[in-house]
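In the numbering used here, the protein residues as written are 1 to 481.
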């Protein structure tokens with residue numbers, strides 16, 4: 001069949017349908033992409049206009065204002081000037097020297113910096129008035145009606161007065177009879193007023209002079225009861241004679257005149273170092289090596305010493321400064337037991353009590369007919385440590401037994417007991433709880449003994465048995481000695 005006839009047949013119709021479908025799909029896709037691009041262009045345009053509208057409008061408004069001076073003045077310059085004026089007023093107001101104006105009966109007597117100063121001055125005035133009232137009442141005279149209730153209002157003033165100065169001025173304007181004098185305060189309480197303050201001051205300085213040393217800056221000399229003198233203006237009716245003041249201060253064995261000396265003393269003191277034990281299974285039990293030497297530290301301790309009339313009454317630490325921290329001592333302690341030094345019998349597990357032994361002079365012989373001997377004799381140099389063979393409670397610490405000399409007995413709580421004799425000294429006390437391997441004493445030659453050794457006994461339910469049953473592999477001579 002010719003190709004043209006074949007393409008014009010059913011196969012040609014198929015190809016046409018496929019081509020039309022593909023072409024139509026691409027046409028639809030192109031149209032949709034074009035619509036999407038058109039929408040995006042419009043959307044972006046709106047966003048740009050929306051973003052640019054405020055600055056553009058501001059520029060246009062400013063241009064209009066420039067063409068109209070009144071609008072520029074009212075819309076921009078006047079608000080800016082008002083803000084600047086407000087800031088200036090706030091700054092100026094905050095920098096003004098505010099104070100309290102003190103008044104008595106409507107008359108200004110001065111200015112003080114704070115309410116605390118005013119309250120202190122008012123209390124001082126009332127104390128001076130009450131002192132005068134008490135003196136007049138004691139003499140039977142009529143007490144005048146002093147109206148000295150000051151008040152204050154907020155004001156502006158660069159000059160202010162102290163507590164004592166304002167109190168003096170309050171009395172000046174009170175209309176009462178006043179005089180210059182010296183007040184005597186004891187424990188912050190006004191006790192007397194005298195016009196002979198110079199003489200009284202000389203007397204008080206003479207009282208402190210034996211304890212005072214101007215060259216020693218570490219000393220502070222004062223009166224125990226805070227005795228102090230304050231010069232000022234006082235009511236004439238409150239003045240008492242110098243003799244009366246002195247008589248009162250010297251009463252009760254001069255309790256008000258007791259002198260206190262406070263002195264700070266600094267001394268250096270050694271700080272002991274700690275010891276750290278590092279157990280080492282590669283080192284033999286009972287041996288130890290110093291890995292790091294301990295170095296004591298230094299600290300400066302400041303004591304505050306309080307003397308009353310020359311007698312020390314208090315010593316307290318007020319400061320501690322570490323000058324050098326201590327370096328700890330590090331000791332490596334062996335935990336390795338040699339072959340044969342660990343034994344087990346029944347429910348008891350034991351270690352050889354003298355790992356640093358030299359030899360075994362004899363084992364226990366429990367046969368009464370052939371040289372009976374209760375325990376094993378372990379020869380070792382004088383002072384060699386003796387260790388608890390197992391944990392338990394120390395039930396006997398005996399000094400100089402006729403046979404065993406110094407000995408220790410331990411109850412291990414499971415029927416087993418062990419006894420260590422001929423010690424040179426003890427390391428435990430009766431009733432102590434010990435752990436296996438803890439030092440309980442040191443090898444010696446006390447009691448019925450003919451050389452330095454440890455006599456070691458073992459019992460079960462108070463029946464002796466030989467340590468050889470527990471340590472059968474223990475060499476007679478220590479190969480490491």
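For every residue, glycine included, the Cβ atom is placed at its ideal position computed from N, Cα and C.
Taking the alpha carbon of residue i as the point to measure from, which residue in the options has its own alpha carbon closest?
i           : options               : result
residue 385 : 256, 442 and 394      : 442
residue 455 : 471, 354, 222 and 230 : 354
residue 279 : 310, 437 and 153      : 437
residue 207 : 399, 325, 228 and 187 : 228
residue 258 : 237, 281, 418 and 309 : 309
residue 232 : 316, 266, 212 and 128 : 128
residue 377 : 396, 357 and 370      : 357
residue 469 : 363, 399 and 394      : 363
residue 326 : 361, 189, 400 and 274 : 274
residue 189 : 260, 371, 120 and 47  : 120
residue 269 : 255, 301 and 295      : 301
residue 291 : 277, 413, 198 and 225 : 277
residue 307 : 221, 285, 439 and 131 : 221
residue 404 : 375, 427 and 447      : 447
residue 224 : 103, 249, 230 and 414 : 249
residue 126 : 164, 107, 112 and 160 : 164
residue 396 : 380, 411, 294 and 171 : 411
residue 416 : 428, 184 and 461      : 461
residue 200 : 209, 375 and 182      : 182
residue 398 : 440, 387 and 368      : 440
Pull up the DSSP beta-bridge partners for residue i, would you.
i           : result
residue 228 : 185
residue 420 : 408 and 456
residue 385 : 442
residue 113 : Its beta-bridge partners do not exist; DSSP assigns none.
residue 234 : 179
residue 427 : Its beta-bridge partners do not exist; DSSP assigns none.
residue 264 : 304
residue 151 : 103
residue 190 : 185
residue 336 : 284
residue 379 : 359 and 453
residue 159 : The partner list for residue 159 (beta bridge, DSSP) is empty, contrary to what the question assumes.
residue 98  : 156
residue 432 : The partner list for residue 432 (beta bridge, DSSP) is empty, contrary to what the question assumes.
residue 322 : 299
For residue i, is the classification buried or exposed, using 16 other Cβ atoms within 10 angstroms of its Cβ as the cut-off for buried?
i           : result
residue 42  : exposed
residue 453 : buried
residue 247 : exposed
residue 458 : buried
residue 150 : buried
residue 400 : exposed
residue 265 : exposed
residue 216 : exposed
residue 169 : buried
residue 425 : exposed
residue 316 : exposed
residue 194 : buried
residue 477 : exposed
residue 352 : buried
residue 154 : exposed
Taking residue i as part of the beta strand (DSSP E), name the residues at either end of that continuous run.
i           : result
residue 399 : 392-401
residue 219 : 219-223
residue 372 : Taken as a continuous stretch (DSSP letters only), residue 372 belongs to no beta strand (DSSP E), as it is neither H nor E.
residue 294 : That residue, residue 294, is in no beta strand (DSSP E); it is neither H nor E in DSSP.
residue 465 : 463-465
Could you check what DSSP says for residue i in three-state terms: helix, strand or coil?
i           : result
residue 329 : strand
residue 471 : coil
residue 123 : helix
residue 135 : helix
residue 258 : coil
residue 484 : Outside the shown range of the chain, which is 1 to 481, sits residue 484, and nothing can be said about it.
residue 37  : helix
residue 314 : strand
residue 350 : strand
residue 248 : helix
residue 118 : helix
residue 253 : helix
residue 240 : coil
residue 476 : coil
residue 25  : helix
Could you spell out where the alpha helix (DSSP H) holding residue i opens and where it closes?
i           : result
residue 198 : 197-208
residue 171 : 163-172
Compare the C-beta of residue i against all C-beta atoms of chain C and say whether one is closer than 8 Å.
i           : result
residue 302 : Here chain C cannot be found, since the structure has a single protein chain.
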